[in-house]
Amino acid sequence: MSEGDTPHIDDAPGSGEGPGGGVMTFERQAPLRLDGGGTISDLRIAYQTQGQLNAARSNAILICHPLTLDQFAAQPHPLTGRRPWWSTLVGPGLPIDPERHFIICSNVVGGCMGTTGPSSINPATGEPFGLAFPFITIADMVRAQAMLIERLGIETLFAVVGGSMGGMQVLQWAASYPKRLFAAVCIAAAARHSAQNIALHEVGRQAIMADPDWRGGAYGAAGVRPEKGLAVARMAAHITYLSETALTRKFGRGLQRDGLSWGFDADFQVESYLRHQGASFVDRFDANSYLYITRAMDYFDLGAEREGGLASAFAGARDVRFCLASFTSDWLYPTPESRAIVRALNLAGARTSFIEIESDKGHDAFLLDEPVLRSALAGFLTSAAQSRGLA
Amino acid sequence: MSPVGQTPAPMREDFAEILRLVRPGARVLDVGCGEGALLDLLVRHRNADARGLEISPEGVSACLARGLAVMQGDADRDLREFPTGAFDYVILSQTLQAVRDPRAVLSEMLRIGQRAIVSLPNFGHWRVRLDLLAHGRMPVTGALPEPWWSTPNIHLCTLADFIALAEDLGLTIEACAAFALGRPARPIKPSRGWENWRAEAALFLLRRQDAHS
Chain R
1 MSEGDTPHID
11 DAPGSGEGPG
21 GGVMTFERQA
31 PLRLDGGGTI
41 SDLRIAYQTQ
51 GQLNAARSNA
61 ILICHPLTLD
71 QFAAQPHPLT
81 GRRPWWSTLV
91 GPGLPIDPER
101 HFIICSNVVG
111 GCMGTTGPSS
121 INPATGEPFG
131 LAFPFITIAD
141 MVRAQAMLIE
151 RLGIETLFAV
161 VGGSMGGMQV
171 LQWAASYPKR
181 LFAAVCIAAA
191 ARHSAQNIAL
201 HEVGRQAIMA
211 DPDWRGGAYG
221 AAGVRPEKGL
231 AVARMAAHIT
241 YLSETALTRK
251 FGRGLQRDGL
261 SWGFDADFQV
271 ESYLRHQGAS
281 FVDRFDANSY
291 LYITRAMDYF
301 DLGAEREGGL
311 ASAFAGARDV
321 RFCLASFTSD
331 WLYPTPESRA
341 IVRALNLAGA
351 RTSFIEIESD
361 KGHDAFLLDE
371 PVLRSALAGF
381 LTSAAQSRGL
391 A
Chain L
392 MSPVGQTPAP
402 MREDFAEILR
412 LVRPGARVLD
422 VGCGEGALLD
432 LLVRHRNADA
442 RGLEISPEGV
452 SACLARGLAV
462 MQGDADRDLR
472 EFPTGAFDYV
482 ILSQTLQAVR
492 DPRAVLSEML
502 RIGQRAIVSL
512 PNFGHWRVRL
522 DLLAHGRMPV
532 TGALPEPWWS
542 TPNIHLCTLA
552 DFIALAEDLG
562 LTIEACAAFA
572 LGRPARPIKP
582 SRGWENWRAE
592 AALFLLRRQD
602 AHS
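Chains as they are written, first to last, in my numbering: chain R, 1 to 391; chain L, 392 to 604.
So this is what it looks like as C-alpha cells:
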C-alpha cells in the first residue's frame, strides 16, 4: 500500500450489501449516541457473515474481534491475504460452524476496516476525522453491534463469542442487552483494565504520538502516516501477547547471522521478528484507530460506578449461559481476572462454566490451535444449542 | 478430583444414595465433580440445576463436552467465591479427607448451601483397625487403596471423628448411610458405636442449624 492509503473497506473485496456481508449504513436521524457524550451520525458498520440464518432466526453467533483484528474472523483477509484470524475455532466441523450457525463479525466503531472511525471522512471538513473523532467505549462498540444485529432482523443472538477485547465486548453485551443473547463466551479477557494494562497501552500511544508524522492526529490530511510510531507500539504490544517461554522456545538468544554486528542492527532473531511484526502491522492498521481503541479498553471497567460492583452489571443476565476461559501463561489478562468475572456471575446467579487452560503460549493462545479450548467450546455450544432447540 | 474413586462399585452406591437424598429441581454444587458422572445423573434423574467445581482441566473439559456447567477450581481455595445460600445442596463425594483444611471446607459448604452431602471413607472400620493392630502398618484397603506415601487422603478420620466435627460446627446430621464394598447403602444411626466398626464408608446429609427445613 502506498503512503496515506489507509486501509478502507471500500477498496476491499466483499464489500457491498448482500450475502457474506458488506457495509451497513445508518441514517442520520438515528445517530450512535456515545458514552463520552458525542454522537456518530451516518454510521457505517462493515461486517462479514457466513452460514445461513435459520427460519426461526435463532442460530446467529456474533463474534467480537480483539484490538487489532477485524471482521475477517472466518474469511481470508482482503489486505494481507492471510487466513481467517479465528480459523482454529470458526469453520466447517469446528465449534462455530457455518453449516449450523449464522456467523456475524463486524468491525468495531473506531476501527479502520470500513466501520466509521478516525480515518473516516469528516463531512464537516472533507478530511479524515483524526482527533476530531469522538471518544468511544467498549459499550459504544456493543451499541453499534446491537444496531447491526437489529438491522439484520435478529432479535436474540444464540451466542456472542470473543477473546481479549472481544471478550470485553461479550461481557458488555451481557450487561447491556442480557435479553438479546442466549449464551456468552468470554476468552482471555477481563472486566476492567488493570494498571499494568493501561501502562502498556500508554507506551504504545506515546510511541505513536512521538512520531513527527503523527502531526497531532492530522496525518491523513497531510498524506503521511506515523509508521515508525505505530510499528513501535505494535512491537511493545506484541511482547505482551506472548510468554517468556514462548519467546525462548521460538528464538532463545538465536542470532540472525554468524557473530555479532557490534551495531544496532537486528542481531537477534527476536529483534528481527518484532521489527517484522511492527512493519507489517502498519500496512493494515490505522494509528489513530489504535489510539482510540486502546483508550476505549483502558476506560473499560464494567463494575465501576455500580452499587454491588461487577455482579450487579450481570443482574439481568441470570438466564444467559456463560463460558469463560483463561490461559495459564497469559500475563496480559491472567486467570484471576477471569475468576473475578466468574465470582460476579455466581453472585448474579448465572449459569457459568470456567476453564483455565494449560498453555505456555501466553495471551495469543486464544488465537492458536488449543485443542482443550476447541473441545470445551464445542461442548459448551453444542449443549447450549440443544437447550435452544437448535440441535 | 476423586482420590479414592478407583473402585466403581462403591462409587455407584454413593451416587444412588445421593440421588435419593436430593429433592427434584434443587440447586446443587458438586465439589470435585471429576468428569461429571454425578452431575449428569443429577440433571437427568433429579432435573437439578447442577453445577460442578473441578480442579483438573481434563475434568472440566469432559464436563463441558457433556454439556454440564462446571467451574475450574479447588475446594480449599474457591468455595469462598460463591455467594451465601447459593445452593440447596453442596456435595463433596469421597474428597473431604483429601483437602488441606477439612473443617474450613465443611464450614464453607454450609455457608454457600442449605445442606451438605459428604461421603468419606471410615478409618474406624474394623479391617482398618485390625490391619493397624496386627501389622503396625498404614492400612491399604478397597476404600483406601494407596500406600501412605502416595495417598491423596491426608486427613483421614473415623465416623466418630466426623460426627464430632459436625457438632463442633453446629451442624445437624439429618441422615446417614453406611456402605460396605459393592453393597447398597444402609441407613444408620451414626451415634451407635458399632457402626464406627462396621461402615467401610459413610455418607452424611448435614444441615445448618439456623437453616429452615
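Glycine is no exception: its CB is placed at the ideal position from the N, C-alpha and C atoms. These figures come from a predicted structure and were not determined experimentally.
inquiry  = List, in chain order, every chain L residue whose beta-carbon is nearer than 8 Å to that of R:Leu310.
reply    = In the first sequence, the residue the question calls residue 310 of chain R occupies position 310. Correct list: empty, because the minimum Cβ distance to chain L is about 13 Å.
query = Of the residues L:Phe478, L:Glu449, L:Gly476 and L:Thr475, which one's Cα is nearest the Cα of L:Gly464?
reply = For the purposes of this step, residue 464 of chain L is identified with residue 73 of the second sequence, where counting begins at 1. A check of alpha carbon separations from L:Gly464 across L:Phe478, L:Glu449, L:Gly476 and L:Thr475 identifies L:Glu449 as the nearest.
query = Taking the alpha carbon of R:Thr294 as the point to measure from, which residue in R:Ala246, R:Pro31 and R:Met168 has its own alpha carbon closest?
reply = The sequence position of residue 294 of chain R within the first sequence is 294, counting from 1. When only C-alpha atoms are compared, the closest one is R:Met168.
inquiry  = Strictly under 8 Å for the Cβ-Cβ distance: is R:Gly111 near chain L by that measure?
reply    = The residue labelled residue 111 of chain R in the question sits at position 111 within the first sequence. Taking 8 Å as the threshold, the shortest C-beta distance from R:Gly111 to chain L does not fall below it.
message = Does L:Asn414 pass the burial test, meaning 16 or more other C-beta atoms within 10 Å, or should it be called exposed?
response = Residue mapping note: residue 414 of chain L aligns to position 23 of the second sequence, counting from 1. It should be noted that the sequence gives Arg, not Asn, for residue 414 of chain L. Classification for L:Arg414: exposed.
R:Glu358 burial status per 10 Å Cβ neighbour count (16 or more: buried) = Counting from one through the first sequence, the residue named residue 358 of chain R turns up at place 358. The residue in question, R:Glu358, is exposed, as its Cβ has fewer than 16 Cβ neighbours within 10 Å.
ask   = CA-CA distance, L:Leu535 and R:Ser164?
value = For the purposes of this step, residue 535 of chain L is taken as residue 144 along the second sequence, with counting starting at 1. For the purposes of this step, residue 164 of chain R is taken as residue 164 along the first sequence, with counting starting at 1. Between L:Leu535 and R:Ser164, the C-alpha separation is close to 45 Å.
ask   = Where in the region 63-139 of chain R do unbroken runs of the beta strand (DSSP E), each at least 3 residues long, occur, reported from the N-terminal end onward?
value = If we require 3 residues or more, the beta strand (DSSP E) runs fully inside the region 63-139 of chain R come out as 102-106.
inquiry  = In the DSSP output, what is L:Ser612 paired with across the bridge?
reply    = Here chain L covers residues 392 to 604 and nothing more, so residue 612 of chain L does not appear.
key: Segment contact flag, the region 473-489 of chain L with the region 357-373 of chain R, C-beta cutoff 8 Å, min 3 pairs   = With a cut-off of 8 Å, the region 357-373 of chain R and the region 473-489 of chain L do not count as touching, because too few Cβ pairs lie within range.
key: Helix, strand or coil at R:Val320 according to DSSP, with G and I counted as helix   = Sequence index remark: in the first sequence, residue 320 of chain R carries index 320 (1-based). Of the three classes helix, strand and coil, the one that applies to R:Val320 here is coil, per DSSP.
ask   = According to a CB-to-CB cut-off of less than 8 Å, which residues of the region 177-188 of chain R neighbour chain L?
value = Flagged: no residues at all.
ask   = What span of residues does the beta strand (DSSP E) with L:Val419 cover, start to end?
value = Start at 1 with the first residue of the second sequence, and residue 419 of chain L comes out as number 28. That run of the beta strand (DSSP E) goes Arg418 to Val422.
query = What does R:Glu356 reach in chain L if we use C-beta pairs closer than 7 Å?
reply = Within the first sequence, residue 356 of chain R is the residue found at index 356, counting from 1. For R:Glu356, the chain L residues whose Cβ falls inside 7 Å of its Cβ are Pro448 and Gln463, in order along the chain.
key: Inter-stretch contact (C-beta, 8 Å, three-pair minimum) for the region 325-345 of chain R and the region 221-231 of chain R   = Touching, no.
request  = Would you mind giving the Cβ-Cβ distance between L:Leu483 and L:Ala507, rounded to the nearest angstrom? I have them listed as a contact below 8 Å.
outcome  = Numbered from its first residue, the second sequence carries residue 483 of chain L at position 92. Numbered from its first residue, the second sequence carries residue 507 of chain L at position 116. Taking C-beta atoms under 8 Å as the contact rule, L:Leu483 and L:Ala507 qualify, at a distance of about 7 Å.
query = Would a check of beta-carbon distances place L:Phe406 closer than 8 Å to chain R?
reply = If you number the second sequence from 1, residue 406 of chain L lands on position 15. No Cβ of chain R is located within less than 8 Å of the beta carbon of L:Phe406.
inquiry  = Tell me which residues share the same chain as L:Pro575 and place their Cβ nearer than 8 Å to its Cβ, disregarding the 5 neighbours each side in the sequence.
reply    = In the second sequence, residue 575 of chain L corresponds to position 184, counting from 1. Cβ within range, chain order: Glu404 and Ala407.
task = Could you tell me which chain R residues have their CB closer than 8 Å to the CB of L:Arg403, listed as they occur along the chain?
result = As a position in the second sequence, residue 403 of chain L is number 12, starting the count at 1. The premise fails here: L:Arg403 is roughly 24 Å from chain R at the closest Cβ pair, so nothing lies under 8 Å.
message = Ignoring anything shorter than 4 residues, give me the alpha helix (DSSP H) runs that lie fully in the region 189-257 of chain R, in order along the chain.
response = Runs of the alpha helix (DSSP H) inside the region 189-257 of chain R: 195-210, 219-222, 227-241 and 244-250.
message = Distance check for R:Gly278 and R:Ala210, CA to CA, integer angstroms please.
response = Looking up residue 210 of chain R in the first sequence gives position 210. Looking up residue 278 of chain R in the first sequence gives position 278. CA-to-CA, the gap between R:Ala210 and R:Gly278 works out to about 16 Å.
request  = Look at the alpha carbon of R:Tyr299 and the alpha carbon of R:Ala385, and state the distance between them as a whole number of angstroms.
outcome  = Counting from 1 along the first sequence, the entry for residue 299 of chain R is found at position 299. Counting from 1 along the first sequence, the entry for residue 385 of chain R is found at position 385. A straight line joining the alpha-carbon of R:Tyr299 with that of R:Ala385 spans about 34 Å.
key: Amino acids of chain L, ordered along the chain, whose beta-carbon sits closer than 7 Å to that of R:Asn59   = Taking the first residue of the first sequence as position 1, residue 59 of chain R is located at position 59. What R:Asn59 touches in chain L: nothing, since even the nearest Cβ is about 17 Å away.
inquiry  = When you compare the CB positions of L:Leu562 and L:Leu596, do they come within less than 8 Å of one another, or not?
reply    = Here residue 562 of chain L refers to the residue found at position 171 of the second sequence. Here residue 596 of chain L refers to the residue found at position 205 of the second sequence. No, they are not a contact pair.
query = Of the residues R:His201, R:Gly254, R:Thr248 and R:Asp258, which one's Cα is nearest the Cα of R:Leu230?
reply = Locating residue 230 of chain R in the first sequence gives position 230, counting from the first residue. When each option's Cα is compared against that of R:Leu230, the closest is R:His201.
request  = Leaving out five residues on either side along the sequence, give the residues of the same chain with a beta carbon under 8 Å from the beta carbon of R:Ala304.
outcome  = As a position in the first sequence, residue 304 of chain R is number 304, starting the count at 1. Cβ neighbours of R:Ala304 beyond the five flanking positions: Arg192.
request  = Return the chain-ordered list of same chain residues with a C-beta closer than 6 Å to the C-beta of R:Gln75, the five sequence neighbours on each side being excluded.
outcome  = For this step, residue 75 of chain R is matched to residue 75 along the first sequence. Gln48 and Pro84.
inquiry  = Against R:Thr352, what residues of chain L qualify as contacts under a CB-to-CB distance less than 8 Å, listed in chain order?
reply    = The count along the first sequence starts at 1 and reaches residue 352 of chain R at position 352. By Cβ distance, chain L contributes Arg442, Ala460 and Met462.
query = Exposed or buried, which one is L:Val531 when buried takes at least 16 other CB atoms within 10 Å?
reply = Position 140 of the second sequence holds residue 531 of chain L. By the 16-neighbour rule on beta-carbons within 10 angstroms, L:Val531 is exposed.
ask   = Looking at the unbroken beta strand (DSSP E) that takes in L:Glu404, where does it start and where does it end?
value = Residue 404 of chain L sits at position 13 when you count from the first residue of the second sequence. For L:Glu404, no beta strand (DSSP E) segment is defined; the enclosing uninterrupted segment is the alpha helix (DSSP H) at Pro399 to Leu412.
task = Count the other C-beta atoms from every protein chain shown that fall within 10 angstroms of the C-beta of L:Asp469, then say buried if there are 16 or more, exposed otherwise.
result = The residue you call residue 469 of chain L lines up with position 78 of the second sequence. Buried, since its Cβ has 16 or more Cβ neighbours within 10 Å.
Alpha helix (DSSP H) segment containing R:Thr335, residue limits = As a first step, residue 335 of chain R is located in the first sequence; it is residue number 335 there, counting from the start. Thr335 to Ala348 is the extent of the alpha helix (DSSP H) around R:Thr335.
query = Along chain L, in chain order, which residues have C-beta atoms closer than 9 Å to that of R:Gly379?
reply = As a first step, residue 379 of chain R is located in the first sequence; it is residue number 379 there, counting from the start. Chain L residues near R:Gly379: Ser452, Ala453, Cys454, Leu455, Ala456, Arg457, Gly458 and Leu459.
ask   = Roughly how many angstroms lie between the CA atoms of R:Glu17 and R:Ile45, to the nearest whole one?
value = In the first sequence, the residue the question calls residue 17 of chain R occupies position 17. In the first sequence, the residue the question calls residue 45 of chain R occupies position 45. Low confidence applies to R:Glu17: its pLDDT is 40, below 50, so where it sits in the model is not reliable, and the reading given next is rough at best. Distance between the alpha carbons of R:Glu17 and R:Ile45: 11 Å.
For R:Tyr177, three-class secondary structure by DSSP = Counted from its first residue, the first sequence places residue 177 of chain R at position 177. If DSSP states are grouped into helix, strand and coil, R:Tyr177 belongs with coil.
task = Give the straight-line distance between the Cα atoms of L:Leu433 and L:Trp585, rounded to the nearest whole angstrom.
result = Taking the first residue of the second sequence as position 1, residue 433 of chain L is located at position 42. Taking the first residue of the second sequence as position 1, residue 585 of chain L is located at position 194. If you draw a straight line from the Cα of L:Leu433 to the Cα of L:Trp585, it comes to about 32 Å.
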